[in-house]
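Chemist:
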């Protein structure tokens with residue numbers, strides 16, 4: 001790192017390179033978001049409410065465009081409860097009506113009762129716009145790292161520390 | 001170029017590439033396996049009763065209690081990549097204004113796990129041991145995926161958002177399934193056939209009508 005400080009041009013090139021990598025990753029994420037029409041096209045399963053289908057740490061790919069048919073009963077959807085920021089992954093069990101005003105009711109496979117208790121006060125059904133995507137593909141276990149990082153924040157500092165150490169040692 | 005850090009990086013990069021390719025191949029293998037599901041569902045008894053959505057609610061709504069019989073053969077859906085099959089029977093009926101089936105509610109569902117996923121099921125430890133022992137050594141038992149139900153009471157009593165379901169016409173029961181793979185795309189009952197994947201043979205019941213509200217004998221006397 002000391003040699004980098006002596007050569008400002010090289011340091012600037014390194015910083016630019018790093019920035020390019022970050023922005024490419026960000027652009028790919030946002031691009032996928034636009035293609036899938038979902039604010040969060042890849043989600044990690046956080047709870048066990050859909051066991052044995054999904055375990056904590058599984059990665060789900062969402063698709064929010066209804067190209068062939070509307071979101072129908074039996075599809076697994078991800079939605080945010082009005083006013084809260086927690087995405088919930090459950091299955092649609094009832095649908096009344098068609099189009100955007102259709103009323104949808106969801107329930108987790110591993111739950112006995114449906115999601116009426118989870119919805120906002122006075123809200124008995126979900127509408128299509130509450131749903132941020134339906135699950136189309138699935139990869140097991142891959143997302144467990146993000147759960148570990150969010151539940152044990154000290155892991156983040158440890159990982160950053162190791163990465164920093166590796167960068168410093170590489171120069172020498 | 002030969003430091004250990006670089007070697008570890010190369011190995012890790014290779015590992016992720018190989019894992020990705022293998023996962024893609026496994027997911028693609030799902031498309032080659034043919035599917036020939038068949039199902040037979042019939043309504044046995046249906047009643048409409050008055051009830052509350054839950055104990056503390058003051059709303060009184062009408063609920064349809066349906067008993068049905070189901071015989072299905074979904075064993076062709078099980079491949080090495082299947083994790084579980086979610087089977088559900090739904091009742092659907094049209095709105096009074098159109099003939100399209102615009103209302104649909106699930107009345108019964110079940111999860112059939114592949115033996116490779118049996119350990120993930122939500123059953124007690126004794127039943128779990130029995131299940132795993134019975135599936136040991138077999139690839140997939142051909143009887144897994146066959147459902148025979150006679151006079152099954154629905155798991156869920158259904159209602160409409162208006163609270164009234166009595167005397168609804170043109171109701172049908174339909175059988176659907178959702179295949180959950182270990183890796184890859186989730187699939188549902190197909191609307192069009194493609195390749196070796198056939199539509200569910202049968203799977204739709206005869207049209208029936210929800211009866212009028214059941215009146216209790218005591219009320220009649222009064």
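Residue numbers (this note's numbering), protein chains in the order written: chain A, 1 to 172; chain B, 1 to 222.
C-beta atoms are modelled at their ideal positions from N, C-alpha and C, and glycine is treated no differently.
Excluding the 5 residues flanking residue 82 of chain A on each side, which residues of the same chain have their C-beta closer than 6 Å to its C-beta?
Modeler: Start at 1 with the first residue of the first chain, and residue 82 of chain A comes out as number 82. Answer for residue 82 of chain A: 120, listed in chain order.
Chemist: What is the rounded straight-line gap between the Cα of residue 71 of chain B and the Cα of residue 173 of chain B?
Modeler: For this step, residue 71 of chain B is matched to residue 71 along the second chain. For this step, residue 173 of chain B is matched to residue 173 along the second chain. Near 13 Å, if we compare the C-alpha coordinates of residue 173 of chain B and residue 71 of chain B.
Chemist: Hey, quick one: how far does the alpha helix (DSSP H) through residue 30 of chain A stretch, first residue to last?
Modeler: For the purposes of this step, residue 30 of chain A is taken as residue 30 along the first chain, with counting starting at 1. Note, residue 30 of chain A: alpha helix (DSSP H), 8-36.
Chemist: Is the CB of residue 112 of chain B under 8 Å away from at least one CB in chain A?
Modeler: Position 112 of the second chain, counting from 1, holds the residue named residue 112 of chain B. Chain A contact via Cβ: absent.
Chemist: Determine, using beta carbons only, whether residue 175 of chain B and residue 145 of chain B come nearer to each other than 8 Å.
Modeler: Along the second chain, one-based indexing puts residue 175 of chain B at 175. Along the second chain, one-based indexing puts residue 145 of chain B at 145. No, these two residues do not count as a Cβ contact at 8 Å.
Chemist: Is DSSP giving residue 119 of chain B helix, strand or coil here?
Modeler: The residue labelled residue 119 of chain B in the question sits at position 119 within the second chain. Reduced to three states, the DSSP call for residue 119 of chain B is helix.
Chemist: What are the start and end residues of the beta strand (DSSP E) that includes residue 113 of chain B?
Modeler: The residue labelled residue 113 of chain B in the question sits at position 113 within the second chain. Boundaries of the beta strand (DSSP E) around residue 113 of chain B: 103-113.
Chemist: Is residue 217 of chain B helix, strand or coil by DSSP?
Modeler: For the purposes of this step, residue 217 of chain B is taken as residue 217 along the second chain, with counting starting at 1. With a pLDDT of 42 at residue 217 of chain B, under the threshold of 50, the predicted position of this residue should be treated as unreliable, and no value is reported.
Chemist: Short check: CB of residue 58 of chain A to CB of residue 111 of chain B, under 8 Å?
Modeler: Mapped onto the first chain, residue 58 of chain A falls at position 58. Mapped onto the second chain, residue 111 of chain B falls at position 111. The answer is no: Cβ separation not under 8 Å.
Chemist: Taking Cβ positions only, does residue 119 of chain A come closer than 8 Å to chain B?
Modeler: Against the first chain, residue 119 of chain A aligns to sequence position 119. So no, residue 119 of chain A is outside the interface.
Chemist: At a Cβ threshold of 8 Å, is residue 97 of chain A touching chain B?
Modeler: Taking the first residue of the first chain as 1, we reach residue 97 of chain A at position 97. So yes, residue 97 of chain A belongs to the interface.
Chemist: Relative to the C-alpha of residue 115 of chain B, which candidate in B:8, B:64, B:199, B:128 has its C-alpha closest?
Modeler: Counted from its first residue, the second chain places residue 115 of chain B at position 115. Checked all of B:8, B:64, B:199, B:128; the closest Cα to residue 115 of chain B is B:128.
Chemist: Determine, using beta carbons only, whether residue 5 of chain B comes closer than 8 Å to chain A.
Modeler: Locating residue 5 of chain B in the second chain gives position 5, where the first residue counts as 1. Residue 5 of chain B belongs to the set of residues whose beta carbon lies under 8 Å from a beta carbon in chain A.
Chemist: Counting Cβ pairs, one atom from each stretch, are 3 or more of them under 8 Å apart for the region 47-62 of chain B and the region 77-94 of chain B?
Modeler: Between the region 47-62 of chain B and the region 77-94 of chain B there are fewer than three C-beta pairs closer than 8 Å, too few to call the two in contact.
Chemist: How long is the line joining the alpha carbons of residue 149 of chain A and residue 9 of chain A, rounded to whole angstroms?
Modeler: As a first step, residue 149 of chain A must be located in the first chain, where it is residue number 149. As a first step, residue 9 of chain A must be located in the first chain, where it is residue number 9. Spanning the two alpha carbons is a distance of roughly 35 Å.
Chemist: Give me the DSSP bridge partner(s) of residue 181 of chain B.
Modeler: The sequence position of residue 181 of chain B within the second chain is 181, counting from 1. DSSP lists B:82 as partners of residue 181 of chain B.
Chemist: By how many angstroms is the C-alpha of residue 17 of chain A removed from the C-alpha of residue 11 of chain A?
Modeler: For this step, residue 11 of chain A is matched to residue 11 along the first chain. For this step, residue 17 of chain A is matched to residue 17 along the first chain. Linking residue 11 of chain A to residue 17 of chain A through their CA atoms gives a straight-line distance of about 10 Å.
Chemist: Would you mind reading off the limits of the alpha helix (DSSP H) that contains residue 61 of chain A?
Modeler: Position 61 of the first chain, counted from the start, is the residue given in the question as residue 61 of chain A. Unbroken run through residue 61 of chain A is the beta strand (DSSP E), 59-63; no alpha helix (DSSP H).
Chemist: Measure the alpha-carbon distance for residue 113 of chain A versus residue 30 of chain B and round it to whole angstroms.
Modeler: Locating residue 113 of chain A in the first chain gives position 113, where the first residue counts as 1. Locating residue 30 of chain B in the second chain gives position 30, where the first residue counts as 1. Approximately 33 Å, taken between the alpha carbons.
Chemist: What does residue 204 of chain B pair with, by DSSP beta-bridge criteria?
Modeler: Residue mapping note: residue 204 of chain B aligns to position 204 of the second chain, counting from 1. Answer by DSSP bridge pairing, in chain order: B:174.
Chemist: Looking at chain B, is there any beta carbon in it that lies within less than 8 Å of the beta carbon of residue 94 of chain A?
Modeler: Within the first chain, numbered from 1, the residue matching residue 94 of chain A stands at position 94. Judged by the 8 Å Cβ criterion, residue 94 of chain A is in contact with chain B.
Chemist: Mind checking which residues open and close the alpha helix (DSSP H) that includes residue 9 of chain B?
Modeler: Here the question's residue 9 of chain B lines up with position 9 in the second chain. Run containing residue 9 of chain B: 4-32, per the alpha helix (DSSP H) assignment.
Chemist: Looking at the unbroken beta strand (DSSP E) that takes in residue 139 of chain A, where does it start and where does it end?
Modeler: Looking up residue 139 of chain A in the first chain gives position 139. Looking at the DSSP string, the run of the beta strand (DSSP E) that includes residue 139 of chain A is 131-139.
Chemist: In chain A, which residues lie with their C-beta within 8 Å of the C-beta of residue 209 of chain B?
Modeler: In the second chain, the residue the question calls residue 209 of chain B occupies position 209. What residue 209 of chain B touches in chain A: nothing, since even the nearest Cβ is about 18 Å away.
Chemist: Is there a Cβ of chain A sitting closer than 8 Å to that of residue 220 of chain B, yes or no?
Modeler: Counting from 1 along the second chain, the entry for residue 220 of chain B is found at position 220. Any reading at residue 220 of chain B needs caution, since the residue's pLDDT is 33, under 50, leaving its predicted position unreliable; the model's value is listed next. No, its Cβ sits nowhere closer than 8 Å to a Cβ of chain A.
Chemist: Interface residues of chain B around residue 140 of chain A at Cβ under 9 Å?
Modeler: Counting from one through the first chain, the residue named residue 140 of chain A turns up at place 140. Result: 83, 182, 183.
Chemist: Which word fits residue 20 of chain A, buried or exposed, when buried means at least 16 other C-beta atoms lie within 10 angstroms of its C-beta?
Modeler: Mapped onto the first chain, residue 20 of chain A falls at position 20. It counts as exposed.
Chemist: Is the Cβ of residue 70 of chain B closer than 8 Å to any Cβ of chain A?
Modeler: Within the second chain, the letter at position 70 stands for residue 70 of chain B. Interface flag for residue 70 of chain B against chain A is unset, since no Cβ pair is found closer than 8 Å.
Chemist: Between the Cα of residue 88 of chain A and those of A:66, A:77, A:53, A:94, spot the shortest distance and give me the residue it belongs to.
Modeler: Numbered from its first residue, the first chain carries residue 88 of chain A at position 88. With distances taken between Cα atoms, residue 88 of chain A lies closest to A:77.
Chemist: Against chain A, with Cβ distances strictly below 8 Å, would residue 104 of chain B count as a contact?
Modeler: The residue given as residue 104 of chain B occupies position 104 in the second chain. The C-beta of residue 104 of chain B comes closer than 8 Å to at least one C-beta of chain A.
Chemist: In angstroms with no decimal places, state the Cα-to-Cα distance between residue 141 of chain A and residue 130 of chain A.
Modeler: Here residue 141 of chain A is taken as the residue at index 141 of the first chain, counted from 1. Here residue 130 of chain A is taken as the residue at index 130 of the first chain, counted from 1. Looking at the two C-alpha atoms, the distance is approximately 27 Å.
Chemist: For residue 73 of chain B, which of helix, strand or coil comes out of DSSP?
Modeler: Reading the second chain from its first residue, position 73 is the one you call residue 73 of chain B. Of the three classes helix, strand and coil, the one that applies to residue 73 of chain B here is strand, per DSSP.
Chemist: Sort A:134, A:80, A:103, A:159 by Cα distance to residue 67 of chain A and report the nearest one.
Modeler: Here residue 67 of chain A corresponds to residue number 67 of the first chain, with the count starting at 1. Ranking A:134, A:80, A:103, A:159 by Cα distance to residue 67 of chain A puts A:134 first.
Chemist: I'd like to know whether the C-beta of residue 120 of chain B is nearer than 8 Å to at least one C-beta of chain A.
Modeler: If you number the second chain from 1, residue 120 of chain B lands on position 120. Residue 120 of chain B counts as touching chain A.
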